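Trainee:
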Amino acid sequence: MQKNIILIGYMGSGKTSVAEKLSKETGIQWYDLDAMIVQKEKRSISDIIRTNGEIYFRKLERATLTALLNKNETCLLSLGGGTPCYGDNLELIHKSGAITIYLKANIDTLTERLFREKSHRPLIAHLQDKAELSDFIRKHLFERGFYYNQANIKITTDNKSPEEIANEILKALLY
Ligand code: S3P
3 MQKNIILIGY MGSGKTSVAE KLSKETGIQW YDLDAMIVQK EKRSISDIIR
53 TNGEIYFRKL ERATLTALLN KNETCLLSLG GGTPCYGDNL ELIHKSGAIT
103 IYLKANIDTL TERLFREKSH RPLIAHLQDK AELSDFIRKH LFERGFYYNQ
153 ANIKITTDNK SPEEIANEIL KALLY
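First residue of the sequence shown? That's 3 in the numbering used here, and the numbers climb one at a time after it.
1. Can you tell me whether Lys42 is buried or exposed, with buried defined as 16 or more other CB within 10 angstroms of its CB?
2. In chain order, what residues of the same chain lie with their CB nearer than 8 Å to the CB of Leu94, ignoring the 5 residues before and after it?
3. Over what stretch of residues does the alpha helix (DSSP H) that includes Asp34 continue unbroken?
4. By DSSP, does Ser163 sit in helix, in strand, or in coil?
5. Within this structure, are the beta carbons of Ile126 and Lys132 separated by less than 9 Å?
6. Check whether the Cβ of Leu125 sits closer than 8 Å to any heavy atom of the ligand S3P, and report yes or no.
7. Answer yes or no: the CB of Tyr149 versus the heavy atoms of the ligand S3P, is any distance below 8 Å?
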C-alpha cells in the first residue's frame with residue numbers, strides 16, 4: 003500500500019514551507035492542495051470563495067484530494083487548513099494508508115503570523131484587529147482540534163524553523 007505523508011494543521015501553521023523543506027530533503031514528490039486548485043481553476047482561493055462560495059470550494063477541495071490520493075506514487079501532500087475537517091475527508095485520508103502529521107501552533111503564534119497575511123485568507127480577511135483574530139482562531143481551533151488531533155504524528159511548531167520541523171518529522175517517521 004502506498005504511504006503518502008500528509009501535513010495538516012491550521013492556517014499559518016507552516017504546512018507549505020515545511021512540505022517544501024521535506025520534499026527537498028527526501029526527494030519525495032510534493033503536492034500542495036490549494037496550489038493545485040488554483041492551477042486548475044486559474045484563480046486564487048480568495049476569488050473562488052468570494053465568487054462561488056465556500057461550499058463550492060470545499061467540493062473542489064474534496065475532488066482534488068481524491069485525485070491526489072488515487073495517484074499511483076508515494077507523495078507528500080500539504081492540505082488546506084480546513085481539508086481534514088470537512089465531510090469524511092479525514093476518514094478517506096486514513097483509509098488510503100497515508101500517514102498524517104499535525105503541525106501544531108499555539109494561538110499567539112497563529113495570531114501573529116496570520117495578522118500579517120490575513121488579506122490573502124478569505125476566512126479571516128474581514129477581522130479588524132489582533133484581538134478579534136485571536137478570538138476567531140481560539141474558537142475555530144477548538145472545533146477543528148477534534149480532527150487535527152487524530153493525526154498519526156503531532157509536532158509542536160512554535161518558535162521552530164521549517165528546517166527544524168522537517169527534521170523532527172523525519173525522526174518521527176523513522177520510529
Ligand atoms: C482554509 C485554509 C486555506 C485555504 C482556504 C480555507 C481553511 O489553506 O484552503 O482559505 O479552511 O482553514 P491554508 O491552511 O494553507 O492557509
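Glycine residues also receive a C-beta, built at the ideal position from the N, C-alpha and C atoms.
Since we're looking at a predicted model, the values are computed, not measured.
Mentor: In this structure, then:
1. exposed
2. Leu67, Thr68, Leu71
3. Not the alpha helix (DSSP H): Asp34 falls in the beta strand (DSSP E), residues 31 to 34.
4. coil
5. no
6. yes
7. no
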